[in-house]
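To start, the structure itself, in structure tokens.
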Amino acid sequence: MTGRIALFDLGRVVLDWEPARLYSRLLPDADERERFLSEICSMAWHTRHDAGVSFADNAPPLIAQYPQYEAEIRAWGGRWIEMFDGYIDGTPDLIDRLEARGVPLYALSNMPSETWPLMREHFPLVERFRRTVVSGDIGLVKPDPAIFAHTLDVMGGPAPDEVFFIDDSEKNITAADALGFRTHHFRSADGLEAALKAEGLL
Numbered sequence: 001m002t003g004r005i006a007l008f009d010l011g012r013v014v015l016d017w018e019p020a021r022l023y024s025r026l027l028p029d030a031d032e033r034e035r036f037l038s039e040i041c042s043m044a045w046h047t048r049h050d051a052g053v054s055f056a057d058n059a060p061p062l063i064a065q066y067p068q069y070e071a072e073i074r075a076w077g078g079r080w081i082e083m084f085d086g087y088i089d090g091t092p093d094l095i096d097r098l099e100a101r102g103v104p105l106y107a108l109s110n111m112p113s114e115t116w117p118l119m120r121e122h123f124p125l126v127e128r129f130r131r132t133v134v135s136g137d138i139g140l141v142k143p144d145p146a147i148f149a150h151t152l153d154v155m156g157g158p159a160p161d162e163v164f165f166i167d168d169s170e171k172n173i174t175a176a177d178a179l180g181f182r183t184h185h186f187r188s189a190d191g192l193e194a195a196l197k198a199e200g201l202l
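Read left to right, the sequence shown gives residues 1 to 202 (full-length UniProt numbering).
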């Protein structure tokens, strides 16, 4: 069976999100910036935001450990929007074309709850999705199978193989594959276009 519903990740699939975009301004030295993003404000630390922990609660323990970086740690939440640079090239056009063909569009994003209003304000394209499941709202993060089950419920209970899931994270794709979703590991809009055509969605 081919997927009949398109389920998009947001960051690095629809929205051009790169923490280094902000921190290249705050920490101009490349080696220092790399250490900061890999060892201090790491993705493991940030996942707590995706799971529902607020910036206000997550920052102080890290600041206590690295007081010399207090301003940079606080910037993760306070200057969040500066990590973005619009949309991923080509993805908005694909969303337009899918919508024109009547394909139901949904989104599933690992994202802090408190940033979702900013996303809606700055990136109106996200309003085109019928529903967006934001991990921080429900305390579950990809690749936990529970967030995929929740998303199926939000979409009205389709079978997993009726859903074509698009994500840039290999571990999220692996988890969705194991649950029976149709999937595409996103690397570029051109690659996604080819996959959507193969699925019969375009």
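Every residue gets a Cβ at the ideal spot worked out from N, C-alpha and C, and that includes glycine. Keep in mind it's a predicted model, so treat the numbers as computed, not measured.
Element boundaries [beta strand (DSSP E), containing residue i]
| i | result |
| --- | --- |
| F165 | V163 to D167 |
| D85 | F84 to Y87 |
| T132 | T132 to V134 |
| L15 | L15 to W17 |
| I73 | Not the beta strand (DSSP E): I73 falls in the alpha helix (DSSP H), residues E70 to G78. |
| I5 | I5 to F8 |
CB-CB length for residue i against residue j, believed under 8 angstroms
| i | j | result |
| --- | --- | --- |
| P104 | I5 | 5 angstroms |
| L27 | E82 | Incorrect: roughly 13 angstroms between the Cβ atoms, too far for contact. |
| I88 | R12 | 7 angstroms |
| D168 | F186 | 5 angstroms |
| M111 | S135 | 6 angstroms |
| V7 | Y23 | Rather than Val, the amino acid found at residue 7 in this sequence is Leu. About 30 angstroms; that fails the 8 angstroms criterion. |
| W80 | T115 | 5 angstroms |
| G90 | A189 | 3 angstroms |
Burial state of residue i (16 or more Cβ within 10 Å)
| i | result |
| --- | --- |
| residue 207 | Beyond the ends of the chain as shown, which are 1 and 202, falls residue 207; an answer cannot be given. |
| K171 | exposed |
| A75 | buried |
| D9 | buried |
| S109 | buried |
| R182 | buried |
| A59 | buried |
Distance cut-off 7 angstroms: residue i Cβ against heavy atoms of the ligand PLP
| i | result |
| --- | --- |
| D161 | As for the ligand PLP, it is missing from this structure, which has no ligand bound. |
When the options are compared against residue i, the one with the closest alpha-carbon
| i | options | result |
| --- | --- | --- |
| D50 | P143, F181, P158 and V154 | P143 |
| D177 | C41, P145 and L98 | P145 |
| G200 | G102, D85 and G157 | G102 |
| E39 | L15, G52 and Q65 | Q65 |
| W17 | E127, F123 and G156 | F123 |
| T174 | F84, F148 and G191 | F148 |
| I63 | C41, F84 and G78 | C41 |
Residue span of the alpha helix (DSSP H) that contains residue i, given as start and end
| i | result |
| --- | --- |
| A59 | F55 to Q65 |
| F148 | P145 to V154 |
Residue j beta carbon less than 8 angstroms from that of residue i
| i | j | result |
| --- | --- | --- |
| P92 | L140 | no |
| A20 | R33 | yes |
| A107 | F129 | yes |
| G86 | F55 | no |
| L202 | L98 | yes |
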